[in-house]
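Counted the way my numbering counts, the sequence shown spans residues 22 to 508.
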Amino acid sequence: MQNKGFIKVFSIILTAICLFYLSFTVVGRQYNKKADQYANGDLALKNHYLDSLSTEKVYLNYTLKQIREKEIGLGLDLKGGMNVVLEINAAEVLSSLANTDDPQFNQALSETIKENRRGSSSDFISLFQQNYEEINPEGRLANIYSVTMSERVSPTYSNDEVISVLRSELSSVADNSFNVLATRIDRFGVVAPNIQRLDRAERILVELPGITEPERVRNLLQGSANLEFWKTYNVNELGTFFNEMNSRSSEYAMAKRSALPDTTAAVAADTVAADEAETTLLAEEEEEIQITRSFVEYFNEPYFAMSGVGGPMVGTVSKLDTAAVNFLLQRYKDLFPADVRFKWGFKPVDQRETYFQLFALKGDGSKRGPALEGDVVTNARADQGQQGSAWEVTMTMNAAGASRWSTITGAEVGKSIAILLDGFVYSAPTVNDRIDGGRSSITGNFTPQEAQDLENVLKSGKMQAGVRIVQEDVVGPSLGQEAIRDG
């Protein structure tokens, strides 16, 4: 009898515990239903509703965020969602650690990039070592890396020993990327995500149940959060250089047209990002990109700004023509001052999403880089402007950043400061007066989601290297519902 009584009490306690934990799922889904009703099909409003309640205590002293974390996770097979494999830009890591112009090193790196993108079964560093030793059998990596990594690489190291150090460095970068990605995903509000390192040191697996916005997730995961503040040129200052470039590019295009067959090969689409990718491979690009017009003729009138409008914007270019413009800028870069940098705007400027702006930046200091790095930013917040105007992201800087920002803005009154993230211009406001207090804002015709995602990226920290998606699977809701029905 005593045993039966104990079993009953134990069963009651166990049932109560189970019901307690199941209650989080019930409450979480109730709030999810409320969010659906509030948003009426608008996904941005739904996310905004849930985000606004995430820190509010809504059940038994638990916040909504804590409740959603305790919900029963259905996983991709039941709930649908997104499965992504990300690859860290190992080439960027090896190149930045070497900081060399050695032609054989760069050739080996270029060959490795090509082989890796073709889907080699070997990891990136193994491929690089193999290519380097084939191109330069007597070459010693220690001669390159002992200069920039003297504390870790001795000039006497063999190639195998240097490669071992590079693997360790890449693993450290992967750890940083893993932590940054985990923070971004947590802030994004995905319930029961799965993120893990894969056997290949440069790859990370991310599983996100319930995701219905693949493009938004792609942007969130692939950004490295490299925030920079750049001085800019007024394009009128560069008029002479543009004129010379246009004259030469016109002659070049004429020669190319005469050599072309009747049908002209189209420039590949989706080429805005080419500004950031392997622009040193000029000969290869020339084979793929057919230049049929002069530099100016690639710009969409009436936006071409060299005619006297002023400011840092060179003009707007069709997405299909950005590769050709990148090619010409790279080909004739020696015509311009050494501190000129050309960068694209981060999103199209027209409703049809066809045209991108090109900006002329001015490198600062002996390194001709940004005037201020984003590591001085301590906080970021997405908010709507006054009286319901466009969304923006305001930033707060630390004391050192605030002092430097005050000096920069004081010296650039009447000029523009470009704010870049991951190599793209988000905004280039004109400085009206010195800005004290270390505050600034990024405006860019954001949607609420874009502003909130930008806040997330800035708060989560900077990745030490870029990442790209090498594998992606999106499980639709119909598959998840079918799996639930089939048990």
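Quick reminder that beta carbons are idealized off the backbone N, C-alpha and C, glycines included. Source: prediction; values computed, not measured.
ask   = According to DSSP, is Asn215 helix, strand or coil?
value = The answer is strand: DSSP assigns Asn215 an E or B state.
ask   = According to the neighbour-count rule (16 or more other Cβ atoms, all chains shown, within 10 Å of its Cβ), is Arg138 buried or exposed?
value = Exposed.
task = Leaving out five residues on either side along the sequence, give the residues of the same chain with a beta carbon under 8 Å from the beta carbon of Val201.
result = Ala246, Ser481, Gly482, Lys483 and Met484.
request  = Grab me the residues of Asn61's own chain with a C-beta within less than 8 Å of its C-beta, minus the 5 sequence neighbours each way, in chain order.
outcome  = Within the same chain, Asn61 has no close Cβ partners at all.
ask   = Terminal residues of the continuous beta strand (DSSP E) containing Phe250?
value = Phe250 -> beta strand (DSSP E) spans Leu248 to Thr253.
inquiry  = By the three-class DSSP mapping on this structure, what secondary structure does Ala411 have?
reply    = Residue state, collapsed to three classes: coil.
task = Counting only the same chain and skipping the five closest in sequence on each side, list residues whose C-beta sits under 7 Å from that of Asp454.
result = The beta carbon of Asp454 sits closer than 7 Å to the beta carbons of Val434 from its chain, once the five residues preceding and following it are set aside; these are given in chain order.
Met266 - containing alpha helix (DSSP H), residue span = Element bounds for Met266: Gly260 to Ala280.
query = When DSSP builds the beta bridges, which residues end up paired with Lys78?
reply = In DSSP, Lys78 forms a bridge with Thr84.
ask   = Buried or exposed: which applies to Ala112, given that a residue is buried once 16 or more other Cβ atoms fall within 10 Å of its Cβ?
value = By the Cβ neighbour-count rule, Ala112 is buried, with 16 or more other Cβ atoms within 10 Å of its own.
task = Verify whether the separation of the beta carbon atoms of Lys340 and Phe377 is less than 8 Å.
result = Going by C-beta atoms, Lys340 is nearer than 8 Å to Phe377.
query = So is Arg224 buried or exposed if we call it buried at 16+ other beta carbons inside 10 Å?
reply = Taking every protein chain shown into account, the CB of Arg224 has 16 or more other CB atoms within 10 angstroms, so this residue is buried.
ask   = Touch check for the region 230 to 249 and the region 382 to 395: three-plus C-beta pairs under 8 Å?
value = The answer is yes - the region 382 to 395 touches the region 230 to 249, with three or more Cβ pairs under 8 Å.
request  = Assign Tyr59 to buried or exposed, taking buried as 16 or more other Cβ atoms, counted over all protein chains shown, within 10 Å of its Cβ.
outcome  = Its Cβ having fewer than 16 others within 10 Å, Tyr59 is exposed.
key: Exposure of Met416, with buried meaning 16 or more beta-carbon neighbours within 10 Å   = Counting every other CB atom within 10 Å of its CB across the protein chains shown gives Met416 a total of 16 or more, marking it as buried.
key: Alpha-carbon to alpha-carbon, Val47 and Phe348   = The alpha-carbon atoms of Phe348 and Val47 are separated by roughly 57 Å.
ask   = Does the beta-carbon distance from Glu3 to Leu356 come in below 8 Å?
value = In the structure displayed, the chain extends from 22 to 508; residue 3 sits before or after that span and is not available.
task = Give the single residue among Lys364, Tyr319 and Arg425 whose Cα lies nearest to the Cα of Asp342.
result = Ranking Lys364, Tyr319 and Arg425 by Cα distance to Asp342 puts Tyr319 first.
ask   = Does the ligand NAP have a heavy atom nearer than 7 Å to the CB of Ile184?
value = This structure simply doesn't include the ligand NAP, nor any ligand for that matter.
message = Residues in the same chain with beta-carbon distance under 6 Å from Pro450, minus the five sequence neighbours each way, listed in chain order, please.
response = Nothing listed; no residue qualifies.
task = Could you give the DSSP three-state label for Pro235: helix, strand or coil?
result = Reduced to three states, the DSSP call for Pro235 is helix.
Beta-carbon contacts of Ala359 that lie in its chain and below 7 Å, excluding the five residues immediately before and after = Listed in chain order, the non-local C-beta contacts of Ala359 below 7 Å within the same chain comprise Arg389, local neighbours out to five positions each way being set aside.
inquiry  = Measuring CB atoms only, is the region 123 to 135 touching the region 153 to 169, in the sense that at least three cross pairs come out at less than 8 Å?
reply    = Yes: at least three Cβ pairs fall under 8 Å.
inquiry  = I'd like the list of long-range same chain contacts for Leu350, defined as Cβ closer than 7 Å, with 5 residues on each side in sequence excluded.
reply    = Contacts found: Phe363.
query = Roughly how many angstroms separate the alpha carbons of Val174 and Asn157, rounded to a whole number?
reply = Counting only the Cα atoms, Asn157 lies some 20 Å from Val174.
message = Less than 7 Å between C-beta atoms, sequence neighbours within five positions excluded: which residues of the same chain meet that for Arg218?
response = Annotation for Arg218: Ala195, Phe199 and Ile225 place their beta carbon closer than 7 Å to its own, counting only its chain and skipping 5 residues before and after.
Residues bridged to Asn104 [DSSP beta-bridge criterion] = Answer is Glu228 and Asp494.
query = When you compare each of Val238, Ala403, Gly140 and Arg205 to Val491 by their alpha carbons, which one comes out closest?
reply = Selection Val238, Ala403, Gly140 and Arg205 evaluated against Val491 yields Gly140 as nearest (Cα-Cα).
ask   = Run through DSSP, which three-state label would Ser462 get?
value = Correct three-state label for Ser462: strand.
key: Spatial distance of Gly331 from Asn267 (CA atoms)   = Straight-line Cα distance between these residues: approximately 18 Å.
task = Provide the residue span of the alpha helix (DSSP H) that contains Tyr166, from first to last.
result = Leu162 to Thr169 is the extent of the alpha helix (DSSP H) around Tyr166.
ask   = Assuming Ile105 and Glu493 make a contact with CB atoms under 8 Å, what is their CB distance in whole Å?
value = The amino acid at residue 105 is misidentified as Ile; the sequence shows Val. That pair is a contact at about 5 Å.
query = Thinking C-alpha only, which one of Tyr166, Lys252, Glu172 and Pro214 is nearest Ser448?
reply = Nearest option by C-alpha distance: Lys252.
message = Could you tell me the alpha carbon to alpha carbon distance between Thr177 and Val488, rounded to whole angstroms?
response = Going by the C-alpha atoms only, they are around 33 Å apart.
inquiry  = According to DSSP, is Thr156 part of a helix, a strand, or is it coil?
reply    = Note that residue 156 is Ile in the sequence shown, not Thr. Reduced to three states, the DSSP call for Ile156 is helix.
key: DSSP-derived helix/strand/coil call for Thr36   = Helix.
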